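A.B. asks: The structure is given below, and queries will be raised subsequently.
Protein chains: 2
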Amino acid sequence: MVYYNQGLDNTFSALSDPTRRAIVSKIAIGEVPIMELASPFNMSLPAVSKHVRVLENAGLLIRKKRGRVQYCRLNASPMRDATDWLIKYQQFWDTKLDALANFLEEQSK
Amino acid sequence: MVYYNQGLDNTFSALSDPTRRAIVSKIAIGEVPIMELASPFNMSLPAVSKHVRVLENAGLLIRKKRGRVQYCRLNASPMRDATDWLIKYQQFWDTKLDALANFLEEQSK
DNA sequence: GCTATACTAAACCATATGGTTTACTATAAT
DNA sequence: ATTATAGTAAACCATATGGTTTAGTATAGC
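Chains as they are written, first to last, in the working numbering: chain L, 1 to 109; chain Z, 110 to 218.
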C-alpha cells in the first residue's frame, strides 16, 4: 500500500545539482559531445562523466556513440511528470498574487 | 561569472524524497501538526522532524507553534521557480506527442 | 605502428543524507 | 505535583554524493 514514485525521485534528484541543470540546458539545443559539456565547468572529465551518467539513469539524457565521441541529447519526457506534480500546487503559489491583486483592486476603488 | 540558483538546488533536492513529497501533499490541505505528519510513515518522530526541517530550509514549509503543537503549512512559492525552469523544456517533451499526432493525422487522410 | 583524443573504470576522500536511539525541554492534563 | 504529550538535540551509523587522481580502452590521425 505504501507507494512512491521512483521516477520523480530520480528526476528531482538529478535536477537538484547546478552542473547537471547546466548540462540539461546545453543538450536541449542539440547533440553535444561530453568533451564540450565538460569544457565550461572547472571540473575534471570524470566528474562530468559521472554527472552525465546520473542524468542518463534518470532518463533525461540519451547517449549516442559515433566513433570515439559520445553525443548527448536531451530526453525531456521525465520532466513532464515532475512538472505535473508541481503544477498541482500552482493554486497555492498563486494565492499570494491573487491576494495582492485583490488588495490593489480594493485600493483603486 | 559562474552563477547558479541555490533556490532551485534546495527546491529540487527537497522534493527528491518521497516522504517529503508526501508531507508537502498533506500540508497543502491545511495546517497539520508534526505528529500527524509522522503517523502514516513507518518512521520515528525525529526522522520526520528532520524532513520537516529540510522542507522548512527550502522555504516550502512554514511552522507555527501553538502550545506544544507545531502546525505546518505549505509555502508553495519556491515551487514556482522550479516549475518555470522545467516548463522551458516543455516543447521537448511535447515533440513526441506532436510526432504521434502528425502520424495519426497522416494515417487518417 | 605510434601518438593523440575521448572517454570509462577504479580507488580514494570528504561531506551530506536518511535513518536510528537515547536524552532532554516545554506545554497540557489529571 | 505528577504524568503524558509533542516535539528538539545530540550522538551514532550506513550509505550516497560529488569530487579527485591514476590507469586503462577504443578510435582517429600522422
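Even for Gly, the Cβ is constructed at its ideal location relative to N, Cα and C.
In this text the structure is predicted, and so the values were computed from the model without any measurement.
Who are Q179 of chain Z's beta bridge partners in DSSP?
C.D. replies: Within the second sequence, numbered from 1, the residue matching residue 179 of chain Z stands at position 70. According to DSSP, which records beta bridges pairwise, Q179 of chain Z is partnered with Z:K174.
A.B. asks: What is the rounded straight-line gap between the Cα of K64 of chain L and the Cα of K197 of chain Z?
C.D. replies: Translated into positions along the first sequence, residue 64 of chain L becomes position 64. Translated into positions along the second sequence, residue 197 of chain Z becomes position 88. Distance between the alpha carbons of K64 of chain L and K197 of chain Z: 24 Å.
A.B. asks: Closest to Y180 of chain Z by CA distance: which of Z:E165, Z:P127 and Z:F121 is it?
C.D. replies: Counting from 1 along the second sequence, the entry for residue 180 of chain Z is found at position 71. Ranking Z:E165, Z:P127 and Z:F121 by Cα distance to Y180 of chain Z puts Z:E165 first.
A.B. asks: Verify whether the separation of the beta carbon atoms of L191 of chain Z and L86 of chain L is less than 7 Å.
C.D. replies: By one-based count along the second sequence, residue 191 of chain Z stands at place 82. By one-based count along the first sequence, residue 86 of chain L stands at place 86. First, the amino acid is wrong: residue 191 of chain Z is Ala here, not Leu. A contact, by the Cβ cut-off of 7 Å.
A.B. asks: I want to verify the contact list: residues of chain Z whose CB lies under 8 Å from the CB of Y89 of chain L, in sequence order.
C.D. replies: Within the first sequence, residue 89 of chain L is the residue found at index 89, counting from 1. Simply V133, A137, L183, A185 and M188.
A.B. asks: Excluding the 5 residues preceding and the 5 following A28 of chain L in the sequence, name in chain order all residues of the same chain whose CB lies nearer than 6 Å to its CB.
C.D. replies: The residue given as residue 28 of chain L occupies position 28 in the first sequence. These residues qualify, in order along the chain: L74.
A.B. asks: Distance, Cα to Cα, R142 of chain Z vs P78 of chain L?
C.D. replies: As a working note, residue 142 of chain Z is residue 33 in the second sequence. As a working note, residue 78 of chain L is residue 78 in the first sequence. It should be noted that the sequence gives Pro, not Arg, for residue 142 of chain Z. Straight-line Cα distance between these residues: approximately 33 Å.
A.B. asks: Is P155 of chain Z helix, strand or coil by DSSP?
C.D. replies: For the purposes of this step, residue 155 of chain Z is taken as the residue at position 46 of the second sequence. In the structure shown, P155 of chain Z sits in a helix (DSSP, three-state: H, G or I).
A.B. asks: When you compare the CB of A82 of chain L with every CB in chain Z, is at least one pair closer than 7 Å?
C.D. replies: Along the first sequence, read from residue 1 onward, the residue named residue 82 of chain L stands at position 82. At least one chain Z Cβ lies under 7 Å of A82 of chain L.
A.B. asks: Kindly say whether L124 of chain Z, judged by its beta-carbon, lies nearer than 7 Å to any beta-carbon of chain L.
C.D. replies: What you label residue 124 of chain Z is simply residue 15 of the second sequence in a count that begins at 1. So yes, L124 of chain Z belongs to the interface.
A.B. asks: Within 10 Å of its beta-carbon, does V111 of chain Z have 16 or more other beta-carbons around it, so buried, or fewer, so exposed?
C.D. replies: Translated into the one-based positions of the second sequence, residue 111 of chain Z becomes position 2. Low confidence applies to V111 of chain Z: its pLDDT is 44, below 50, so where it sits in the model is not reliable enough to give any reading.
A.B. asks: Alpha carbon to alpha carbon, how far is E145 of chain Z from Q90 of chain L?
C.D. replies: For the purposes of this step, residue 145 of chain Z is taken as the residue at position 36 of the second sequence. For the purposes of this step, residue 90 of chain L is taken as the residue at position 90 of the first sequence. Approximately 24 Å between the Cα atoms of the pair.
A.B. asks: Taking only the alpha-carbon atoms, compute the straight-line gap between V133 of chain Z and L170 of chain Z and give it to the nearest angstrom.
C.D. replies: The residue you call residue 133 of chain Z lines up with position 24 of the second sequence. The residue you call residue 170 of chain Z lines up with position 61 of the second sequence. Each residue's alpha carbon lies about 8 Å from the other.
A.B. asks: Does N119 of chain Z pass the burial test, meaning 16 or more other C-beta atoms within 10 Å, or should it be called exposed?
C.D. replies: Translated into the one-based positions of the second sequence, residue 119 of chain Z becomes position 10. Buried, since its Cβ has 16 or more Cβ neighbours within 10 Å.
A.B. asks: Please name the residue in L:Q6, L:A14, L:A76 and L:N5 whose C-alpha comes closest to that of K50 of chain L.
C.D. replies: For the purposes of this step, residue 50 of chain L is taken as the residue at position 50 of the first sequence. Among L:Q6, L:A14, L:A76 and L:N5, the Cα nearest to that of K50 of chain L belongs to L:A14.
A.B. asks: Any beta carbon of chain Z sitting closer than 7 Å to that of L86 of chain L?
C.D. replies: For the purposes of this step, residue 86 of chain L is taken as the residue at position 86 of the first sequence. Yes, because at least one Cβ of chain Z sits closer than 7 Å to the Cβ of L86 of chain L.
A.B. asks: In terms of residues, what are the limits of the alpha helix (DSSP H) holding S134 of chain Z?
C.D. replies: Taking the first residue of the second sequence as 1, we reach residue 134 of chain Z at position 25. It spans P127 to I138 - the alpha helix (DSSP H) in which S134 of chain Z sits, taken as one unbroken run.
A.B. asks: Answer with buried or exposed for R129 of chain Z, where buried requires no fewer than 16 other C-beta atoms within 10 angstroms of its C-beta.
C.D. replies: Here residue 129 of chain Z corresponds to residue number 20 of the second sequence, with the count starting at 1. R129 of chain Z comes out buried.
A.B. asks: For a quick check, are the C-beta atoms of W202 of chain Z and R80 of chain L less than 7 Å apart?
C.D. replies: Here residue 202 of chain Z corresponds to residue number 93 of the second sequence, with the count starting at 1. Here residue 80 of chain L corresponds to residue number 80 of the first sequence, with the count starting at 1. Closer than 7 Å, so yes.
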